[in-house]
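Each residue of the sequence shown is one higher than the one before, counting from 0 in numbering that gives the first Met the number 0. Have a look at the structure below before the remarks.
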Amino acid sequence: MNVTHLRRAVVPGLAALALVLTACGSDDSDGSGSDSADTASLSGTLAAGGSSAQQAAQEAWIAGFTAVAPDVTVTYDAIGSGGGRENFISGAFPFAGSDAYLTDDEGELSAATERCGGEAPIEVPDYISPIALVYNIEGVDELNLSADTIAGIFAGKITKWNDKAIAADNPNAKLPSAPIDAVHRSDESGTTENFTDYLDAVAPDVWDAGVIEVWPKEYGGQGAQGTSGVIDAVKGGTNSIGYADASQAGELGVANVGVGDEFVGPTAEAAAKILDVSSPAEGATDTELIFDLDHETTESGTYPVVLTSYLIACPSYTGDEAEVGTLAKAYLNFIVSEEGQQFGAEEAGSAPLSAELGDKVRSVIDSITVE
Numbered sequence: 000m001n002v003t004h005l006r007r008a009v010v011p012g013l014a015a016l017a018l019v020l021t022a023c024g025s026d027d028s029d030g031s032g033s034d035s036a037d038t039a040s041l042s043g044t045l046a047a048g049g050s051s052a053q054q055a056a057q058e059a060w061i062a063g064f065t066a067v068a069p070d071v072t073v074t075y076d077a078i079g080s081g082g083g084r085e086n087f088i089s090g091a092f093p094f095a096g097s098d099a100y101l102t103d104d105e106g107e108l109s110a111a112t113e114r115c116g117g118e119a120p121i122e123v124p125d126y127i128s129p130i131a132l133v134y135n136i137e138g139v140d141e142l143n144l145s146a147d148t149i150a151g152i153f154a155g156k157i158t159k160w161n162d163k164a165i166a167a168d169n170p171n172a173k174l175p176s177a178p179i180d181a182v183h184r185s186d187e188s189g190t191t192e193n194f195t196d197y198l199d200a201v202a203p204d205v206w207d208a209g210v211i212e213v214w215p216k217e218y219g220g221q222g223a224q225g226t227s228g229v230i231d232a233v234k235g236g237t238n239s240i241g242y243a244d245a246s247q248a249g250e251l252g253v254a255n256v257g258v259g260d261e262f263v264g265p266t267a268e269a270a271a272k273i274l275d276v277s278s279p280a281e282g283a284t285d286t287e288l289i290f291d292l293d294h295e296t297t298e299s300g301t302y303p304v305v306l307t308s309y310l311i312a313c314p315s316y317t318g319d320e321a322e323v324g325t326l327a328k329a330y331l332n333f334i335v336s337e338e339g340q341q342f343g344a345e346e347a348g349s350a351p352l353s354a355e356l357g358d359k360v361r362s363v364i365d366s367i368t369v370e
């Protein structure tokens, strides 16, 4: 269980951040906690969780939030997107982080609507980050991979590093004649869903498993629990490769991915560009800001393997949930604020929401009512 639990400022610069937030706090005065003075007076415990890709950013946000709300204890359990949605629907979490938006493919959207008293849940992006192809290959410092090559590796059809497809992408590299140790998520994962959404879009003839959250056993490879598990497996493996949120790649190599006539690395700036060329998903509303990413883009400088992670919450919290709803609204307001987004970018490497999208997201969070 990866529980992020911080009670005091632990990152340099938090004192300055607290001063900025105090000076620039929202004018909201409905008692929800989004006003800076109200936030400072809050107390209690807020426990939520979900997407493990958000873990590094949540650590930063929790530290930043407790700098301005020192009497609030916030915990974030990075159990994966599927677990986050499940616990939100059951009422165990007042909000969840998820790398996939809610749908009714398995009845989750309807169940979440019922959990929120018959109102559709709010879904807003809070975290945009590249999914990096992290690797640990002897003698290889730079790696380029085209879409079909990536699909072939993870579908178990390309099994050695000196395969002609990899060699064609890397004509100057000294590739070892060694088996590929391909690492995937073993748990139900929004990162897997986003990664396979990319594979399904760009290489359907090679990747024939479709868009999935649970890895197909017939494709083989090594399974690992959570983002940290994949990173540890690749780091501890030999001639290994996996997919994980780029913010947690650490010292591992990260591959450049083929886009049009170039290979693009997984930077936050390159990842953020994909939302500029993507359209709202079917079912998107004024309070469900969900996107279907254009993985097939050939736009120069755009990284196409991207995770857009969401905050899922109820539009109102009443009765027994009013107290935790007040804390949730205040914390979510911090996450999506300009200062919170910049802080997450600096500490976790995520791409801040654009000005236009950020305004829409903040409006949705501000609309949460607590009675």
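Every residue gets a Cβ at the ideal spot worked out from N, C-alpha and C, and that includes glycine.
Relative to the Cα of Gly83, the nearest Cα in the group Ser50, Cys115, Ser109 belongs to Ser50. Only exposed fits Gln341, as fewer than 16 other CB atoms lie within 10 angstroms of its CB. When Pro93, Leu101, Gly117, Glu122 are compared, the shortest CA-CA separation from Asp285 is found for Glu122. Less than 9 Å divides the Cβ of Asp98 from the Cβ of Tyr309. Boundaries cannot be given for Tyr218, as no alpha helix (DSSP H) includes it and DSSP labels it neither H nor E. Around the beta-carbon of Glu113, fewer than 16 other beta-carbon atoms lie within 10 Å, marking it exposed. When DSSP states are grouped into helix, strand and coil, Glu107 belongs to the helix group. When DSSP reads this structure, Asp125 sits in no beta bridge, so it has no partner. Under the three-state reduction of DSSP output, Val67 falls in the helix class.
For Phe92, there is no enclosing alpha helix (DSSP H), as DSSP gives it neither H nor E. Straight through space, the alpha carbons of Pro178 and Ser278 are spaced by roughly 39 Å. The three-state reading of DSSP puts Thr191 in helix, counting H, G and I together.
When the alpha-carbon of Val233 is set against those of Glu287, Ala55, Glu137, the nearest one is in Glu137. Taken through DSSP and simplified to helix, strand or coil, Ile367 comes out as coil. Taking 9 Å as the cut-off, the beta carbon of Asn193 is found closer than this to the beta carbon of Val305. A contact between stretches requires three or more CB pairs, one per stretch, nearer than 8 Å, and the stretch 118-133 fails this requirement with the stretch 215-223. Of the other Cβ atoms in all chains shown, fewer than 16 fall within 10 Å of the Cβ of Asp140; this residue is therefore exposed.
DSSP, reduced to helix, strand and coil, places Ser42 outside both helices and strands of the structure shown, so it counts as coil.
Annotation: Asp140 is outside any beta strand (DSSP E) and is labelled neither H nor E by DSSP.
Rounded to whole angstroms, the gap between the alpha carbons of Thr301 and Ile273 is 6 Å. Residue range 255-258 is occupied by the beta strand (DSSP E) that includes Gly257. Bridge pairing for Ala56: absent [DSSP]. DSSP places Ile311 in the uninterrupted beta strand (DSSP E) bounded by 305-312. For the options Thr317, Ala166, Glu320, Glu355, the alpha carbon positioned closest to that of Val335 is the one of Glu355.
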